[in-house]
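Taken in sequence, the protein lines are chains X and Z.
Be aware that the first sequence starts at 929, since it is given in the numbering used here, and climbs by one per residue.
Be aware that the second sequence starts at 929, since it is given in the numbering used here, and climbs by one per residue.
We put the CB at the ideal spot given by N, CA and C, even for glycine.
To keep things clear, I will list the structure first and then write my remarks on it.
2 protein chains.
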Amino acid sequence: MAVTPWEVSGRVDYDKLVKDFGTGRIAPALRARLERNAGGSNVMLRRDYFFSHRDLDLVMDDYEKGKGFYLYTGRGPSGPMHIGHLIPLIFTKWLQDRFKVNLYIEITDDEKFVCKREAEWGDIGKYADENIRDIAAVGFDPDRTFIFRDSEYVGNVYPMLMKIAKKVTYSTVKAVFGFTNETNIGFIFYPAYQIMPTLFEKGRCLIPAAIDQDPYWRIQRDIAESLGYHKTAAIHSKFLSPLQGAEGKMSSSVRESAIWLEDDEKTVRKKIMKYAFSGGRSTLEEQRKLGADLSVDVPFQWLSVLFEPDDGELKRIAGEYGSGRMLTGEVKELLAKKLNEFLAEHRERKKNVDVKRYTHTGKLAQEMWKKKYV
Amino acid sequence: MAVTPWEVSGRVDYDKLVKDFGTGRIAPALRARLERNAGGSNVMLRRDYFFSHRDLDLVMDDYEKGKGFYLYTGRGPSGPMHIGHLIPLIFTKWLQDRFKVNLYIEITDDEKFVCKREAEWGDIGKYADENIRDIAAVGFDPDRTFIFRDSEYVGNVYPMLMKIAKKVTYSTVKAVFGFTNETNIGFIFYPAYQIMPTLFEKGRCLIPAAIDQDPYWRIQRDIAESLGYHKTAAIHSKFLSPLQGAEGKMSSSVRESAIWLEDDEKTVRKKIMKYAFSGGRSTLEEQRKLGADLSVDVPFQWLSVLFEPDDGELKRIAGEYGSGRMLTGEVKELLAKKLNEFLAEHRERKKNVDVKRYTHTGKLAQEMWKKKYV
């Protein structure tokens, strides 16, 4: 197992990650408190997809005391987006809707350029355009959301980037990210920028993101208070398995491992039918007798994470499929249908979304372009 | 002897520096060619104060072929400026006047902030304001000169900074600058920005600066062609000795070692009389008999570098003082007078200079604010 911001491979042991990273499992009481304050339940919390956190309890303290908090997440525009990229954003939207808070979404064009040897600046710019459109289509509050590219917003934050950078030694980034003598100085500097949005407001920042990003937050938490800000809080998701099986995460470099937001209905159905790793048995007879092994079944996992939000229905599927009364083909058809509905809605929103409101003309965006962080 | 961009100490052996850095002495033929193209002679060239170079011959080739070139120099705004800071700028003005070329002056507020532990961003901003005013007062062509602060111009160059940074590994900056595990990641990144202005134009860049800045140009020359630009050229000055003697360079942290641009007439005279290291003998009798040792005499050195541009007059002083007919006090009075004339003119220009033309409203400045370097 390897989990870094640039690589996730092997079968991920989430208990070990929580221990190694020093984060906390979201205990039932904390989840109940979050849902109580949110005024409702969330499928990704119930299903333990968002499973770990840092200081979520303090975020709830602040919220309950009326101090508020804000949200920050991001996207590295190294290619088109797949369904796994969208899921934490959907959870983020839920948080924003429920708590009516500001949200900052960092598009890390600089990072993607310096971390990938073959990356071209022009390509990254095109992906950034496309990704921002996909992200805006999630439907965030356009007056409480600011989507920005690092390269475009840098003029507003550079002195503060220097203040962050001055507090982080090479020794720290070497230890945290495994940087070596061969690492370029742009990549070495970049962590300062990923930390920057955690200082956008004086209130506490809560970051919904996959757990592989946590190393950045560890550095932030070492330096934030000396800069007059809170240690950031975080709520961590697991990784959505690639279609081929429950190891690593969906990879942008293996096209068949993912469902892409641009995949059409036929492609989606075909990919799921052909590639989705099944826990079903190899013959009808065995399946009827033994039932499917749900713990390795990718279609069932995807349904669990998000695509079958009805707990009763999911339980029914688990019972039928796990006992062998339902076959792999049926579960796959179910997932294909749900996914295609989801993607059709996404495409529709994407067609109509006013991207500029998120990047420039919305209330928060306008405020942010006026700000200088010094 | 130690010569790095952040420290100059000991008795500087310029022959050794030329050898260690791999630069070239400005040979008489090259100097003659430069002066011929310039249509006149320059005191700092004649007196060997600008003594070393990289590719100055190629700059002359380009000039003679009508391809032109441009100038770039800079200033780290870590405090008020002294006379030693102004001298390379005066030489730069001579080059600009003679060749009618563009000049870029980088104010490295970011560098000064990250490289000095105790530096505060607010202080650096104030020094930058004051320094820019002093620099503008040198009298550069306001339509061919752009003075910019790193923190303010970064939005126009960030993608290009990333392209530079991507080509420079930690291993390189460690070797060139002696960075260690304790160096902060802002400082590690900074060399990318000092290289940036060498890519401002497609023509060849010529950098007039003290030789301690050369390590940056070595990195630039390793990567520039792969980015589609010329290796930068440079013309290097020696260091102006501190008043107390011919070791190291004038130090911003020892106030009495320097003549500050803000020193009034009385202070200037007093400092020179009291602190300027003399090659004269300790008694009148000895001085009359042996004469002054000009090689260690600071007032004579300062007159040589710039303040007595008349070669005949300098020769006369050397003869009189070196033979003992002239006394230290007389030479010091001479220098004090020249310096005070120089500073009075500078103060007058500073009072009246339109700084905004250099930073925003001049022809080149306006063009630069419209540019995006990608």
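**Study point:** Contact set for GLN1122/Z: own chain, Cβ-Cβ below 6 Å, skip 5 residues either direction
**Key:** For GLN1122/Z, where only same-chain residues beyond five positions count, the Cβ hits under 6 Å are TYR1144.
Exercise for review: Say whether chain Z places a C-beta atom closer than 8 Å to the C-beta of GLU1110/X.
Suggested key: Yes, because at least one Cβ of chain Z sits closer than 8 Å to the Cβ of GLU1110/X.
Point to revise | Straight-line Cα distance separating GLN1215/X from ARG975/X | key: A straight line joining the alpha-carbon of ARG975/X with that of GLN1215/X spans about 26 Å.
Review point. Is THR932/X closer than 8 Å to ASP1140/X when the C-beta atoms are compared?
Key: Yes, these two residues count as a Cβ contact at 8 Å.
Check your understanding: By the criterion of Cβ-Cβ separation under 9 Å, what are the contact partners of PHE1076/X in chain Z?
Key -> The premise fails here: PHE1076/X is roughly 12 Å from chain Z at the closest Cβ pair, so nothing lies under 9 Å.
Check your understanding: What distance in whole Å lies between the Cβ atoms of LEU1189/Z and LEU1338/Z, which are believed to be in contact at a cut-off of 8 Å?
Key -> There is simply no residue 1338/Z to check, as chain Z begins at 929 and stops at 1302 in what is shown.
Exercise for review: Determine, using beta carbons only, whether TRP1145/Z comes closer than 8 Å to chain X.
Suggested key: Taking 8 Å as the CB threshold, TRP1145/Z stays off the interface with chain X.
Point to revise | chain X contacts from the region 1025-1052 of chain Z (Cβ-Cβ distance under 7 Å) | key: Listed by position, the residues of the region 1025-1052 of chain Z near chain X (Cβ gap below 7 Å) are ASP1038, PHE1041, VAL1042 and TRP1049.
Point to revise | Minimum C-alpha distance to ILE1075/X - residue among ALA1065/X, ALA1161/X and ILE1060/X | key: Nearest Cα to ILE1075/X within the set ALA1065/X, ALA1161/X and ILE1060/X: ILE1060/X.
Review point. Which chain X residues sit within Cβ distance under 8 Å of TYR1098/Z?
Key: Under a criterion of Cβ atoms nearer than 8 Å, the residues of chain X adjacent to TYR1098/Z are, in order, TYR1098, PHE1107, THR1108, ASN1109, GLU1110, THR1111, ASN1112, ILE1113 and ILE1116.
**Study point:** Any non-hydrogen atom of the ligand HEM closer than 7 Å to SER1210/X Cβ
**Key:** Absence of the ligand HEM from the depicted structure is noted, as is the absence of any ligand whatsoever, leaving it without description.
Point to revise | Own chain residues within Cβ distance below 7 Å of ARG1277/X, not counting five before or after | key: Counting only Cβ-Cβ distances below 7 Å, and skipping sequence neighbours, we find ALA1065 and GLY1067.
Check your understanding: For ILE1200/X, which option in LEU1212/X, THR1211/X, GLU1213/X and ARG1183/X has the closest C-alpha, if you only look at C-alpha atoms?
Key -> Per the Cα distances, ARG1183/X.
Check your understanding: CA-CA distance, HIS1164/Z and ALA1056/Z?
Key -> HIS1164/Z and ALA1056/Z: Cα-Cα distance of roughly 24 Å.
Exercise for review: Please confirm whether ASP983/Z and LYS1159/Z have their CB atoms less than 8 Å apart.
Suggested key: For ASP983/Z and LYS1159/Z, yes; Cβs fall inside 8 Å.
**Study point:** Uninterrupted beta strand (DSSP E) stretches inside the region 1092-1179 of chain X (no shorter than 3 residues)
**Key:** Counting only runs of 3 or more, we get 1132-1138 and 1161-1165.
Check your understanding: Opposite THR1073/X in the DSSP bridges: which residues?
Key -> LEU1031/X, per the DSSP bridge assignment.
Practice item. Could you name the residues of the region 1055-1086 of chain X whose beta carbon sits closer than 7 Å to any beta carbon of chain Z, in the order they occur along the chain? Key: Per Cβ criterion, the list reads SER1079, VAL1082, GLY1083 and TYR1086.
Check your understanding: Under the three-state reduction of DSSP, which class applies to THR1036/X: helix, strand or coil?
Key -> Coil, per DSSP.
Review point. Which first and last residues belong to the alpha helix (DSSP H) in which THR1195/Z is found?
Key: The continuous alpha helix (DSSP H) containing THR1195/Z extends over residues 1193-1203.
Check your understanding: What span of residues does the alpha helix (DSSP H) with VAL1302/Z cover, start to end?
Key -> Looking at the DSSP string, VAL1302/Z is not in any alpha helix (DSSP H), and its letter there is neither H nor E.
Check your understanding: Per DSSP, what kind of secondary structure is TYR1086/Z in: helix, strand or coil?
Key -> In this structure, TYR1086/Z counts as helix in the three-state DSSP scheme.
Check your understanding: Any idea which residues DSSP pairs ALA930/Z with across the strands?
Key -> Bridge partners of ALA930/Z: SER937/Z.
Point to revise | Extent of the continuous alpha helix (DSSP H) to which HIS1274/X belongs | key: Here the alpha helix (DSSP H) through HIS1274/X covers 1256-1280.
Review point. Would you report the Cα separation of GLY1007/X and ASP1038/X, rounded to the nearest angstrom?
Key: Their backbone Cα atoms lie some 14 Å apart in a straight line.
Point to revise | 7 Å Cβ cut-off: residues of chain X touching VAL1302/Z | key: At a beta-carbon threshold of 7 Å, the residues of chain X lying near VAL1302/Z are TRP1049, ordered along the chain.
Exercise for review: Please confirm if ALA1120/X has its CB atom under 8 Å from at least one CB of chain Z.
Suggested key: At least one CB atom of chain Z sits nearer than 8 Å to the CB of ALA1120/X.
Review point. If you drop the 5 nearest sequence neighbours on each side, which residues of the same chain put their C-beta closer than 8 Å to that of ALA1272/X?
Key: Closer than 8 Å at Cβ, skipping near neighbours: GLU1193.
**Study point:** beta strand (DSSP E) segment containing LEU1189/X, residue limits
**Key:** LEU1189/X -> no beta strand (DSSP E), and no H or E assigned at all.
Exercise for review: Tell me the start and end of each unbroken beta strand (DSSP E) in the region 972-1060 of chain Z that is at least 3 residues and wholly inside, in chain order.
Suggested key: Entirely contained in the region 972-1060 of chain Z, the beta strand (DSSP E) runs reaching 3 residues are, in chain order, 978-982, 997-1003 and 1031-1035.
Check your understanding: Apart from the five residues on each side of it in sequence, which residues of its chain come closer than 7 Å, Cβ to Cβ, to LEU1089/Z?
Key -> Spatial neighbours of LEU1089/Z in its own chain (CB-CB distance under 7 Å, excluding positions within 5 residues in sequence) are listed in chain order as ALA1120, TYR1121 and MET1124.
Practice item. Leaving aside the five residues before and after TYR942/X along the sequence, list all residues of the same chain whose C-beta is less than 7 Å from its C-beta, in chain order. Key: Correct list, in chain order: PHE979 and LYS1166.
**Study point:** Contacting residues, own chain, Cβ-Cβ under 6 Å from SER1223/Z (five flanking each side not counted)
**Key:** Non-local C-beta neighbours of SER1223/Z in its own chain, meaning closer than 6 Å and more than five positions away in sequence, are absent.
Exercise for review: May I have the straight-line CA-CA distance separating THR1020/Z from PRO1136/Z, to the nearest angstrom?
Suggested key: Cα to Cα, the separation comes out at about 6 Å.
Review point. Is the CB of VAL1101/Z under 8 Å away from at least one CB in chain X?
Key: Yes, contact with chain X.
Review point. Among ALA1138/X, ARG1077/X, VAL1082/X and THR1108/X, which residue has its Cα nearest to the Cα of THR1036/X?
Key: Looking only at ALA1138/X, ARG1077/X, VAL1082/X and THR1108/X, the smallest Cα-Cα distance to THR1036/X is reached by ARG1077/X.
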